[in-house]
Amino acid sequence: MNIIPQPVPFIPAQRTATEGPAPEFFAAATLHGQAVPERLWHVQDLIPAKTVTILTGDGGTGKSLAAIQLATATALGRSWLGQATTSGPALFISAEDDRDELHRRVASLAHAEDFALADLDALTLCSLAGDDALLSVPEGAGKTMRETPLFQKVEAWVAEHRPALTVLDTLADLFGGDEINRGQARQFIGQLRGLALKHETTVLLLAHPSLSGMARGDGNSGSTAWNNSVRSRLYLRRQQAEDGAAVDPNARTLEVMKSNYGPIGASLALRYREGAFFCEGNGTALDALAATAKADRVFVKLLRECHANGRRVNHTGGNSYAPKVFAAHPEAEGVTKNAFRRAMETALASGSARIETEGPQSRRVSYLVPGAAS
């Protein structure tokens with residue numbers, strides 16, 4: 005286990021105030037005959053390589069633990085939560101935990117996953133707890149985000165050591181702008197994506213969801229620009245019963261909320277045990293995807309059946325809430341209310357379901373019907 009060393013001299017490219025990055029123009033025809041580059045993943049179907057993924061999680065759910073567990077798995081060339089990872093050096097930067105807490109975390113992982121701290125020579129830790137941890141701050145009348153000297157020091161270290169994975173914990177401590185400012189959010193993600201592309205590292209940015217994101221169950225943080233700007237977003241949450249109550253204090257669900265390069269809605273059932281998370285039932289991402297596909301199929305099937313029988317279900321709640329009605333249906337095939345909720349969002353997004361509204365303005369009623377894509 006290392007603590008981040010002093011960075012080697014690194015001089016970022018100098019540009020004038022009006023000069024931007026030089027765009028690369030090329031004719032599409034020049035790609036003819038060239039091998040199509042393989043899509044690279046740091047964790048297959050969960051975390052794409054050489055770009056930015058956001059991991060959100062409610063306070064106390066263990067997102068920092070899950071992230072440092074990924075960093076150790078990367079450094080050791082092991083699987084993470086039952087999923088294969090790209091092995092290589094890893095950097096974990098924490099603005100929340102001090103050196104002692106980081107020590108406790110990796111020691112607990114070593115005990116739970118049966119390795120020695122001496123094996124972690126490929127994992128570098130950096131604690132910024134108590135320090136000015138801002139990587140980017142707004143500047144000038146336009147409040148354009150500017151990389152700080154700390155960002156440049158981190159980039160210098162990444163440029164020299166070329167980690168396969170760079171974890172940043174957390175957004176609230178590292179981002180000096182306004183989290184609900186769409187432009188600033190996109191600029192910061194752009195700066196991190198530049199770091200990832202230039203130095204071929206996968207960036208995992210940890211964040212707390214907003215209150216509305218927690219209420220909706222989607223884990224979004226601040227402006228939707230955060231979700232829109234990244235290529236992948238994961239949400240770690242406590243498992244809940246159908247009535248919304250917590251099931252088991254040690255049970256968690258890791259869910260793919262966005263993936264530009266793979267399917268969304270896949271989830272992994274996790275359990276905290278002796279200082280680490282473990283995937284329940286030795287499930288894989290493929291198993292989770294199969295369960296998601298099943299929920300999608302059954303949702304559309306039951307929606308068609310209800311529509312054909314003249315029974316209305318809605319997307320808002322109450323006794324006619326589609327996920328609730330379908331979970332209690334004798335042909336639910338074991339799909340839960342939460343799984344049907346995710347399937348409903350997928351169906352609405354894909355056009356397999358749509359919302360119809362009728363009635364006078366004072367008493368509008370909305371309900372779900374099968375869409376053209378179904």
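For the sequence shown, the working numbering begins at 5 and goes up steadily by one. The beta carbon of each residue, even a glycine, is placed where N, CA and C say it ideally should be.
Give the straight-line distance between the Cα atoms of residue i and residue j, rounded to the nearest whole angstrom.
i: Ala71; j: Asn231; result: 19 Å
i: Glu105; j: Leu306; result: 50 Å
i: Leu44; j: Ala94; result: 17 Å
i: Phe344; j: Pro334; result: 14 Å
i: Ser356; j: Ala53; result: 31 Å
i: Phe192; j: Asp62; result: 22 Å
i: Ser91; j: Val47; result: 10 Å
i: Ala211; j: Asn313; result: 45 Å
i: Leu272; j: Phe282; result: 10 Å
i: Gln243; j: Leu199; result: 34 Å
i: Val234; j: Thr57; result: 6 Å
i: Phe96; j: Val369; result: 50 Å
i: His107; j: Leu129; result: 9 Å
i: Ser131; j: Asp102; result: 5 Å
i: His311; j: Asn318; result: 11 Å
i: Leu69; j: Asp118; result: 16 Å
i: Pro27; j: Val40; result: 22 Å
i: Leu258; j: Pro267; result: 14 Å
i: His203; j: Asp177; result: 23 Å
i: Thr320; j: Gln195; result: 38 Å
i: Leu138; j: Pro213; result: 19 Å
i: Met149; j: Arg241; result: 31 Å
i: Gly146; j: Ala189; result: 14 Å
i: Arg346; j: Ser236; result: 17 Å
i: Leu127; j: Ser83; result: 15 Å
i: Ala122; j: Glu42; result: 34 Å
i: Phe179; j: Ser366; result: 44 Å
i: Thr340; j: Met348; result: 12 Å
i: Gly134; j: Val158; result: 17 Å
Measure the beta-carbon distance from residue i to residue j and round it to whole angstroms, keeping in mind my assumption that it falls under 8 Å.
i: Leu372; j: Ala326; result: 6 Å
i: Thr78; j: Leu124; result: With 8 Å as the limit, Thr78 and Leu124 do not qualify as a contact, their Cβ atoms being about 11 Å apart.
i: Val304; j: Ala351; result: 6 Å
i: Ala280; j: Gln38; result: Between Gln38 and Ala280 the Cβ distance is about 43 Å, and since that is not below 8 Å, they are no contact.
i: Glu100; j: Thr170; result: Not really, about 16 Å apart at Cβ, beyond 8 Å.
i: Tyr3; j: Gly66; result: Here the chain has residues from 5 to 378 only, and residue 3 is not among them.
i: Pro374; j: Arg308; result: 5 Å
i: Leu50; j: Gln87; result: 6 Å
i: Ala336; j: Thr296; result: Not a contact, Cβ separation roughly 15 Å.
i: Val207; j: Leu172; result: 7 Å
i: Arg256; j: Thr55; result: Arg256 to Thr55, Cβ: 25 Å. No contact.
Is residue i helix, strand or coil by DSSP?
i: Asn264; result: coil
i: Gly277; result: First, the residue type needs correcting, since residue 277 is Arg and not Gly in the sequence shown. In this structure, Arg277 counts as strand in the three-state DSSP scheme.
i: Asn318; result: strand
i: Glu204; result: coil
i: Ser366; result: helix
i: Arg235; result: coil
i: Ala357; result: strand
i: Ala211; result: strand
i: Ala31; result: coil
i: Ala75; result: helix
i: Ala297; result: helix
i: Ala312; result: helix
i: Met218; result: Bear in mind that a pLDDT of 49 at Met218, under 50, signals an unreliable position, so the model cannot answer this.
i: Arg82; result: coil
i: Ala255; result: strand
Taking only runs that begin and end inside the segment 37-72, name each unbroken beta strand (DSSP E) of 3 or more residues, in chain order.
45-47 and 56-61, all fully within the segment 37-72.
I'd like to know if the segment 176-193 and the segment 158-166 are in contact, where contact means that at least 3 CB-CB pairs between them fall below 8 Å.
At 8 Å Cβ cutoff, the stretches do not touch.
Where are the alpha helix (DSSP H) runs, 4 residues long or more, that stay fully inside the segment 324-351, in chain order?
The DSSP assignment places 326-331 as complete runs of the alpha helix (DSSP H) inside the segment 324-351, in order along the chain (cut-off: 4 residues).
Should the segment 102-119 be regarded as contacting the segment 147-164, the criterion being three or more beta carbon pairs within less than 8 Å?
Contact check between the segment 102-119 and the segment 147-164: fewer than three CB pairs, one atom from each, fall below 8 Å, which does not count as touching.
Fully enclosed by the segment 160-193, which alpha helix (DSSP H) runs are 4 residues long or longer?
Scanning the segment 160-193 from its first residue to its last, the whole alpha helix (DSSP H) runs of 4-plus residues come out as 175-178.
Within the segment 86-170, ranges of the alpha helix (DSSP H) (whole runs, at least 4 residues):
Taking only runs of at least 4 residues, the alpha helix (DSSP H) segments lying wholly in the segment 86-170 are 103-117 and 153-165.
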